[in-house]
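Trainee: Numbering (the working numbering), first residue to last: 70 to 180.
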């Protein structure tokens with residue numbers, strides 16, 4: 070019975086280690102400029118912030134360029150302009166054709 074308890078304990082610890090590694094990988098990484106995108110993996114969650122210096126509407130999306138050269142794709146309302154706003158965003162990296170950051174959450178920062 071003691072061997073069974075040791076095996077169960079070792080198995081449990083091993084599973085906890087695997088889960089910890091999995092969840093650490095899922096934490097958002099902070100992106101400070103566009104050159105850092107090359108070092109990231111597809112579907113990586115990214116946290117970034119900056120001031121929107123350029124805003125373009127393309128189909129049902131907005132393409133937002135930040136003052137740190139990061140470009141975001143956002144399904145934001147077309148009527149509301151975000152130009153010159155300071156934002157914090159959580160985005161997901163898509164590297165299918167060319168790297169792009171699709172916004173999951175966008176928050177306006179108070180000045």
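For each residue, glycine too, the CB sits at the ideal point set by N, CA and C.
#1: Could you check the C-alpha separation between residue 91 and residue 79 for me, to the nearest Å?
#2: Measuring only the C-alpha atoms, how far is residue 147 from residue 154?
#3: Measuring alpha carbon to alpha carbon, tell me which of 171, 134, 112 ends up nearest residue 121.
#4: Please report the straight-line C-alpha distance between residue 178 and residue 89, rounded to a whole angstrom.
#5: In or out: residue 99 buried (at least 16 other Cβ within 10 Å) or exposed?
#6: If we count the other Cβ atoms within 10 Å of its Cβ and call it buried at 16 or more, is residue 72 buried or exposed?
Mentor: In short:
#1: Translated into positions along the chain shown, residue 91 becomes position 22. Translated into positions along the chain shown, residue 79 becomes position 10. The alpha-carbon atoms of residue 91 and residue 79 are separated by roughly 18 Å.
#2: Counted from its first residue, the chain shown places residue 147 at position 78. Counted from its first residue, the chain shown places residue 154 at position 85. If you take the alpha carbons of residue 147 and residue 154, they lie about 15 Å apart.
#3: Against the chain shown, residue 121 aligns to sequence position 52. If we check each option's Cα against that of residue 121, 134 comes out closest.
#4: As a working mapping, residue 178 is identified with position 109 in the chain shown. As a working mapping, residue 89 is identified with position 20 in the chain shown. Roughly 32 Å between the two C-alpha positions.
#5: Counting from one through the chain shown, the residue named residue 99 turns up at place 30. Exposed, by the Cβ-count rule.
#6: Residue numbering aside, residue 72 sits at position 3 when the chain shown is read from its first letter. Residue 72 comes out exposed.
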